[in-house]
Amino acid sequence: MMTVHRIPNTDSATARVGVRVLWLIAMAVALNFTTASSANPRYDAWQARHPYTLSAWNTHDKGGGGELDLDYFLASGLNTAWGGRCSYNSQRPFADLKGLPTIYTVYADRQPDLEGFIADLNKAREHYPNIIALLLGDEVAGDDAFTHYRQIRDWVVNNKDPKISSLLTITSVPAGKRVSGSKGIQDAWTHTCERIQPDVLLAQFYPGRSGNTVEGAFYSSLEWYFNWAKKMDVGMWCWNRAWSSGPPLPSESLLRVQRYANLAYGVRGMADFLWIADSSPTIKDGGYWNINGPNPTILYKRLAPINHEIARLGPTMLKLTPVRVYHMDSRDDGDGVHHFSDSDADLPTWMRRTGLLANVTGAANRNHVMVGFFRDDAGQEYFMVVNKDIGPGPGADLATPIQLTFHPSVTGLQRLNRQTGEVENIAVRSGNYVWSLPGGTGDLFKFNNGTGFAGVEEVVRPRLVSAKPASGGTLPRLLNNVLRFTFDRDATQVRAEIRQVGTDGELLAGDLAEKFTCELSKNKRTITYRENGSVLKDGCEYRVVLHWAQAVPMTLYAVRGDVNGDKQRTTADVELVQAQAGSSDGLSRADMNGDGVVDRNDYQLVDGMVNIPQIDWSESFEDYSEGPLAGQGGWLEPQTLPGTVLNRAWVNGSAVVSTEA
């Protein structure tokens, strides 16, 4: 059943053997218990003001000048013009781009001085009133070129005029579909980004240079690009193939799979190569516009419906955080992609699959399917299923039944209809849903659980109402500390990240939340994180981030024995433990060992930390033979000492007598 509705993110303690040995017993006991693109901020700010970018290289006559047919352009499904006047010759006349949002190319083949660029940009701004981005060179190479474009980039970013400083900076690189198998290409991309520091890398990703096939490295290269872009903190855009230098022209299904694969992998902007056809390097119809007609071209007719589909999905895709793509088969994917059966334990807990989608089956096409997972701002899980089948004909000829299998708790889905932009409600019967998906095409789903569909409806994150302890507070227990967070609504998706803060304020590696037990209250509004044994280190600072929630990062301190929360261990803490003796609410700060009750054991632990006994033991070792000290005189093996005196957990190494001082 389907309904449709229209809708307008210890010391260790080290034993030192010498003439004089000082044991600080209480301190030793205390120390016994020890243990989410995005792209860069400039891009995020720019993207928040712009739609999903769909453009094509040089949307004007090749020689410059000319007038863009606005109706023809908009009917193509593209939304951003391209001013390539400076690609080869800065003296070419400007085109009339009808005030469309425009990407402006900055001297692709030569590097004049910065003043020359500034002068030409000022002229361009007079003719192109809506420049939104600059392409800082096409396939840049050479130190002089890198230096030049970096100067332009810095001039733009640091400009006092907000109309200039808000421009997006882009650079373009080739050979995308082969990057996963070439360290040389990988290094070149990295070098380009490090030298120019653009907001966006526009990478060339054609499934195949000719014919209607997908080369083996296409998907693995998208996987590499996805991971690399996150590491480099650069926006992920792609050049799409929309041209041909000879027959056959790219098929409709090939054009589809390229664009929907981009979406599944989190690409946030696309540009087609190219607009002008019937002139080198293209044949007639090998682009959007035949210079000598007839128009529309064959590729225009194939691309326009796809572009409109992407534009309808775009607002939602821009609101989602891409997580990972999984392939259901091993064809056409090269090395380095993930398959559906692979573990995602390497991902942060807040990005892992929920398990609600148990399987995806395309029996009729031998599971030639992939699934991209996403999260919205509230942590709700979305997934895009793409049929990877392509051929010489349209995607409709390659439609295949796809079956989704779910966890028994799933009773409904929502799908964003790529033809209408409407959100469809889909009933799930007996844990399955089957529908027909055209070749090269993807459909975007989320679970129907009463939350908004990102990009179409408002997505409201749960807001933190209270936290125990509050930010700036202390965690006093020796083990089994408790953090409790209460929100104003369902917080099922909220996940805490707990990181130790280093001495210089840096966050140390490793999310300690994995070593806590997470419990959700019956009303789903309170999340309790309970330390499993001894994870936190005494005297250390911790940063707590609540992902998928409205909450500022919290700072907490582990101060063992600090019952009253003043960040110290004093007799007042001992008195509080004594006063709360018999309490069994499970959350008392006086419960030092976290066993659920405040008793004599807790009193002794705090009293031992506050009232520190000292043993002053002088010993001469001159009569001992060289070698291990244990067993000589009054010295015993650590494990034979009474537990109240010494716990072997904090004794490191062995004490050895030698002739050296």
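One rule links them: number in my numbering = place in the sequence shown (from 1) + 8.
Here a beta-carbon is modelled for each residue, glycine too, at the ideal position from N, C-alpha and C.
Counted as a single uninterrupted DSSP element, the stretch harbouring F495 is not any alpha helix (DSSP H) but the beta strand (DSSP E) occupying residues 490-495.
Judged by beta-carbon spacing, G602 lies within the 7 Å limit of L487, meaning their Cβ atoms are closer than that value. For A56, the closest alpha carbon among the candidates K309, G513, P323, P484 is that of P323. Counting other Cβ atoms within 10 Å of its Cβ, N235 stays below 16 and is therefore classed as exposed. By the Cβ rule, the stretch 147-154 does not count as touching the stretch 167-174, because fewer than three pairs are nearer than 8 Å.
Taking C-beta atoms under 8 Å as the contact rule, T290 and S253 qualify, at a distance of about 6 Å.
Scanning its chain for C-beta atoms nearer than 7 Å, with the 5 sequence neighbours on each side dropped, one finds around L263 the residues R310, L311, I314, in chain order. One thing to note: T563 has its Cβ within 7 Å of the Cβ of S479. In this structure, T155 sits away from V181, with a CB-CB distance that is not shorter than 7 Å. A distance of 7 Å or more separates the beta carbons of V164 and L209. Annotation for M325: no beta strand (DSSP E) segment contains it, though the alpha helix (DSSP H) segment containing it runs 306-325. According to the DSSP secondary-structure assignment, S417 is paired through a beta bridge with no residue.
Pairing L595 with R551, the inter-Cα distance amounts to about 21 Å. Inter-segment contact for the stretch 354-362 and the stretch 401-409 is absent: fewer than three beta-carbon pairs are separated by less than 8 Å. Rounded to the nearest whole angstrom, the C-alpha separation of F213 and A279 is 10 Å. DSSP, reduced to helix, strand and coil, places I139 within a strand of the structure shown. Between the C-alpha atoms of R577 and V614 there is a straight-line separation of about 8 Å. In the assembly as shown, D570 is a buried residue. Its beta-carbon has 16 or more other beta-carbons within 10 Å. Distances from the CA of L76 to each of L122, L637, N395, L108 were compared; the closest alpha carbon is that of L108. Selection I410, W247, G458 evaluated against G184 yields W247 as nearest (Cα-Cα). By the beta-carbon neighbour count (other beta carbons within 10 angstroms, threshold 16), A499 is buried.
Counting the other Cβ atoms within 10 Å of the Cβ of T449 gives 16 or more, which makes it buried.
Cβ neighbours of G510 within its own chain (closer than 8 Å, five residues either side excluded): L516.
Look at the beta carbons and you see the stretch 219-235 not touching the stretch 360-372: under three pairs across the two are nearer than 8 Å.
The stretch 369-382 makes contact with the stretch 325-339; the number of CB pairs closer than 8 Å reaches 3 or more.
With a threshold of 16 other beta carbon atoms within 10 Å, G294 meets it and is buried. With respect to the 7 Å criterion, E505 and V553 are classified as neighbours on the basis of their beta carbons.
With respect to M600, D610 sits close: the two C-beta atoms are nearer than 7 Å. Q422 is a Cβ neighbour of K454, given a cutoff of 7 Å. Secondary structure in the stretch 218-294: the beta strand (DSSP E) runs of 3 residues or longer, each lying completely within the stretch, are 243-249, 277-281 in chain order. In this structure, the straight-line span from the alpha carbon of G370 to that of P416 is close to 21 Å.
A straight line joining the alpha-carbon of V605 with that of G481 spans about 22 Å. Looking from the CA of R276, the closest CA among G518, D607, N48, D581 belongs to N48.
Here F453 carries a strand assignment [DSSP, helix/strand/coil]. Rounded to the nearest whole angstrom, the C-alpha separation of A132 and P101 is 10 Å. Bounds of the alpha helix (DSSP H) holding H199 are 191-204.
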